[in-house]
Amino acid sequence: MSRAQPSRRERAMVEPAEFRSYYGRPIVKEPAWEQPDVPLYLFLGGTAGASASMATMARVSGLPKLARVGTLVAAGGSLASVAALIHDLGRPERFLYMLRVFKPTSPLSVGSWILAPFSGLATASAASMLTGRLRPIGTLAGGAAGLLGPAMCTYTAVLLADTATPAWHEGRGDLPVLFAGSAATSGAGAALLLVPATETAPARRLGLAGAAAELAAGHRLEHNLGVVSETYRGGRAGTLLKAGKALTALGAGLSLLSKRSRVAAAAAGAAYLAAGVCTRFGVYAAGVASARDPKYTVVPQRERMARTGSPGQ
Amino acid sequence: MSESGYADAQPRMGFFTDTSVCIGCKACEVACKEWNAVPAPDDPSGMDLLGLSYDNTGDLGANNWRHVAFIEQQVPASRVNKSDVDNLGMPTIGAPEQEDDTGVRWLMSSDVCKHCTHAACLDVCPTGALFRTEFDTVVVQPDICNGCGYCVPACPYGVIEKREDDGRAFKCTLCYDRIGDGLEPACAKACPTDSIQYGEVSELRQRAVERKQALHADGVTEARLYGDDPDDGVGGTGAFFLLLDEPEVYGLPPDPVVTTRDLPAMWRRAGAAALGVAAAVVASFAGARR
Ligand code: SF4
Ligand code: SF4
Chain S
1 MSRAQPSRRE RAMVEPAEFR SYYGRPIVKE PAWEQPDVPL YLFLGGTAGA
51 SASMATMARV SGLPKLARVG TLVAAGGSLA SVAALIHDLG RPERFLYMLR
101 VFKPTSPLSV GSWILAPFSG LATASAASML TGRLRPIGTL AGGAAGLLGP
151 AMCTYTAVLL ADTATPAWHE GRGDLPVLFA GSAATSGAGA ALLLVPATET
201 APARRLGLAG AAAELAAGHR LEHNLGVVSE TYRGGRAGTL LKAGKALTAL
251 GAGLSLLSKR SRVAAAAAGA AYLAAGVCTR FGVYAAGVAS ARDPKYTVVP
301 QRERMARTGS PGQ
Chain Z
1 MSESGYADAQ PRMGFFTDTS VCIGCKACEV ACKEWNAVPA PDDPSGMDLL
51 GLSYDNTGDL GANNWRHVAF IEQQVPASRV NKSDVDNLGM PTIGAPEQED
101 DTGVRWLMSS DVCKHCTHAA CLDVCPTGAL FRTEFDTVVV QPDICNGCGY
151 CVPACPYGVI EKREDDGRAF KCTLCYDRIG DGLEPACAKA CPTDSIQYGE
201 VSELRQRAVE RKQALHADGV TEARLYGDDP DDGVGGTGAF FLLLDEPEVY
251 GLPPDPVVTT RDLPAMWRRA GAAALGVAAA VVASFAGARR
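Now the structure itself:
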């Protein structure tokens, strides 16, 4: 039964998928979060973040309709994101404990300290815009939310990557780019759906940039993570991520026609938003699949040991 | 200062679990449940027979703070009952062994929270519910935990878990309430073979090395220590093991790392991506002024 160390390492390099386990049972626990709460929290937060930044730029560029939609989406999205997060807590009445401490080692603590001020500022800005009261303060709040917006787009990638869930931790280099791209397309999608064509040129461009980043990062997750990439290609995750890619491409294509056709613009926006939902649920599903099969825990760790020759490197 | 941040007022306490003398009696599981009032599984069907040798517990979790693993392996008969490791003094039946006969080797191991030096569960907990005690152990404060569940996927060993009907996370406390009074943890107290040994980690580590050397001298060359190395991916564990096969055979990760170790790099990456979003938004408005 026992083999010498070197032969095991050799074997790991030749046949990476071979591994031993305890009755095939998982080693790490799968994420304890609920679906749809947490994937929606990721999607809504990203959409809100990109929209807030767009709204700020639209305000200084004199595009009032785009600014208006961006401000409303930022407020609505971030409040819904907060609601999804609270709903997911085992003890929802203790949600304020999230702000009990500021803990740099916890991406959820850092994230809460981004999400809480962001949603407050975005909501203040939207309220001022809707009521016409305290305009200067509303504009200031909107500007601050716009500055925090990009952080809203990417902190959730670190939240997922800082776990022992193999698909997420191994994907730590690509998830921030994927989430940034996905947030940009979703924010652009909301604008394309709700803003008249005279003011959507920036959203169109942002959508194209986001789509390029998203598709490139998605490709790397599906191919560059060794055996763990399987979890991004197969099963429920594979289906969702393929749908996400197709919808992103469709949204990008339709957005090019959106200057002339209101219908094309709306369809492009809807496709981008649906793509965002599919991508977030897909990444979540890949994490769950990678935690369920001990292969994705054991094989990368064995490969790492074979590469570095020592534990914990 | 210890690795984990406490001044050396109190030596680090932990477990050395010598699986070579575990007889799979599960006294540790029972004693833990009794002392800590750990409930039955959320899902009563979890009380079923699992069909995994004598293991009907399955894994560590909110309601199992000790878990005895049972592994049956086909080995040449000559490997069975040859050293004091496998020889539990059980009566045997049948004809004397032939060289090419196969026998069964039974591995048993009582698993528990590792009380990591660099504990991912503690690092990622946003509320501060998880904390490090004066004994260098890792404990959840139930009055602070808001059940966010972040610790659950963070643990590289799959130890901590949310209790569904309660909503909060639970795991082994290394019997914080007992060791504070100078008692040994319930599981170690109940272990009839001293497979579970409680004590100062520095002393346990020494004892573990001696035990491994004795087993090697006895021909049990597969004996190995797991979690004793302060240079491993979690900085060594407060609860460590002597195993007779590769860790993954027992359901343990072969090379666990605390993922917060990569946190600075991950934040840099996310920061760069966020700057990318900002740049893309600004650039997309170029020439858009009306
Ligand atoms: S084994 Fe898991 S639950 Fe126990 S201290 Fe380490 S990270 Fe935390
Ligand atoms: S579930 Fe409780 S112990 Fe776990 S990270 Fe959240 S607050 Fe901390």
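Going line by line, the protein sequences match chains S and Z. Mapping the first sequence onto the numbering used here, position 300 (from 1) lands on 300, and the numbers just tick up by one. Mapping the second sequence onto the numbering used here, position 231 (from 1) lands on 231, and the numbers just tick up by one. Note that CB positions come from ideal geometry on N, CA and C, so glycine has one too.
Q.
Under 9 Å, CB to CB, which of the residues in the stretch 160-174 of chain Z have a partner in chain S?
A. Ile160, Glu161, Lys162, Arg163, Glu164, Asp166, Gly167, Arg168 and Ala169
How far does the beta strand (DSSP E) with His67 (chain Z) in it extend, from its first residue to its last? Annotation: the continuous beta strand (DSSP E) that includes His67 (chain Z) extends over Arg66 to Pro76.
Next item on the list: Return the CA-CA distance between Phe19 (chain S) and Ile196 (chain Z), expressed in angstroms with no decimal places.
Entry: 28 Å
Proximal residues to Ala213 (chain S) (C-beta, below 8 Å), its chain only, five neighbours per side dropped
Val177, Leu178, Ala180, Gly181 and Ala184
Check: Expressed to the nearest angstrom, what Euclidean distance is found between the alpha-carbon atoms of Thr117 (chain Z) and Gly14 (chain Z)?
Finding: The alpha-carbon separation between Thr117 (chain Z) and Gly14 (chain Z) amounts to approximately 11 Å.
Item to check | Ser109 (chain S) beta carbon less than 8 Å from that of Pro126 (chain Z) | outcome: yes
* Do we get a CB-CB distance below 8 Å when we pair Pro11 (chain Z) with the residues of chain S? -> For Pro11 (chain Z), the answer is no, since every Cβ of chain S falls outside 8 Å of its Cβ.
- Task: With a threshold of 7 Å, establish whether the CB of Lys171 (chain Z) neighbours any heavy atom of ligand 1.
- Result: yes
Legend entry - Contacting residues, own chain, Cβ-Cβ under 7 Å from Gly128 (chain Z) (five flanking each side not counted): Ile144
Original post:
Mind checking if Ser255 (chain S) is an interface residue toward chain Z, Cβ cutoff 8 Å exclusive?
Top reply: no
- Minimum C-alpha distance to Ile86 (chain S) - residue among S:Ser112, S:Ala275 and S:Pro294: S:Ser112
Neighbourhood of Trp35 (chain Z) by C-beta, 6 Å cutoff - its chain only, sequence neighbours within 5 removed: These residues qualify, in order along the chain: Ala186.
Interface residues of chain S around Met108 (chain Z) at Cβ under 9 Å? In chain order: nothing, as chain S lies at least about 12 Å away.
Chain Z contact residues for Leu89 (chain S), given Cβ-Cβ distances below 7 Å: Asn146, Gly147 and Cys148
Report all residues from its chain with a CB closer than 7 Å to the CB of Asp174 (chain S); omit the five preceding and five following residues, and keep chain order.
Here Asp174 (chain S) has Ala217, Arg220 and Leu221 as same chain residues with Cβ atoms under 7 Å from its own Cβ, once five neighbours each way along the sequence are excluded.
Closer than 7 Å: is that where the CB of Leu243 (chain Z) sits relative to any heavy atom of ligand 1? no
(request) Output yes if chain S places a C-beta closer than 8 Å to the C-beta of Trp35 (chain Z); else output no. (result) no
Requested in this report: Verify whether the separation of the beta carbon atoms of Gly182 (chain Z) and Arg168 (chain Z) is less than 8 Å.
Outcome: no
*How would you list, in chain order, the residues of chain Z whose beta-carbon sits under 8 Å from the beta-carbon of Ile27 (chain S)?*
Those are Tyr157, Gly158, Glu248, Gly251, Leu252 and Pro253, listed as they occur along chain Z.
- Starting from the beta carbon of His219 (chain S), find every residue of chain Z whose beta carbon is closer than 8 Å, and list them in chain order. What His219 (chain S) touches in chain Z: nothing, since even the nearest Cβ is about 16 Å away.
For Ala60 (chain S) and Thr139 (chain S), what's the separation of their Cα atoms in angstroms? Note that residue 60 (chain S) is Val in the sequence shown here, rather than Ala. Going by the C-alpha atoms only, they are around 10 Å apart.
**Item:** Val282 (chain Z) versus Ser53 (chain S) - alpha carbon distance
**Value:** 9 Å
ask   = What alpha helix (DSSP H) runs, 4 residues minimum, are completely inside the stretch 134-189 of chain S?
value = 135-161 and 166-170
_Suppose the cutoff is 7 Å on Cβ atoms and the five residues either side in sequence are ignored; what does the same chain contact list for Phe95 (chain S) look like?_
Ile86 and Leu89
Can you tell which of S:Pro64, S:Val101 and S:Val298 has the C-alpha that lies nearest to the C-alpha of Gly226 (chain S)? S:Val298
Given the structure, does His223 (chain S) come close to ligand 1, in the sense that its CB is under 7 Å from one of the ligand's heavy atoms?
no
Quick one, are the C-beta atoms of Val124 (chain Z) and Cys151 (chain Z) less than 8 Å apart? yes
| request: Could you give the DSSP three-state label for Val234 (chain Z): helix, strand or coil? | output: coil
request  = Name, please, each residue of chain Z whose Cβ falls closer than 9 Å to the Cβ of Gly210 (chain S).
outcome  = Val277 and Ala280
Quiz item: How long is the line joining the alpha carbons of Ser7 (chain S) and Leu250 (chain S), rounded to whole angstroms?
Solution: Only weak support is given to the placement of Ser7 (chain S): the predicted model assigns it a pLDDT of 42, under 50, and the value that follows is read from those uncertain coordinates. Rounded to the nearest angstrom, the two C-alpha atoms are 50 Å apart.
Report, in whole angstroms, the separation of the C-beta atoms of Ala126 (chain S) and Leu72 (chain S), which I expect to be a contact under 8 Å.
6 Å
Could you say if the stretch 233-245 of chain S and the stretch 200-209 of chain S meet the contact criterion of at least three C-beta pairs nearer than 8 Å? no
> In whole angstroms, what separates the C-alpha of Ala145 (chain S) from that of Leu121 (chain S)?
Replying inline: 6 Å
Ends of the beta strand (DSSP E) at Glu222 (chain Z)? No beta strand (DSSP E) contains Glu222 (chain Z), which DSSP labels as neither H nor E.
**Prompt:** Under the DSSP definition of a beta bridge, which residues are partnered with Val195 (chain S)?
**Reply:** Its beta-bridge partners do not exist; DSSP assigns none.
*Neighbour flag for Gly128 (chain Z) against chain S, beta carbons, 8 Å*: yes
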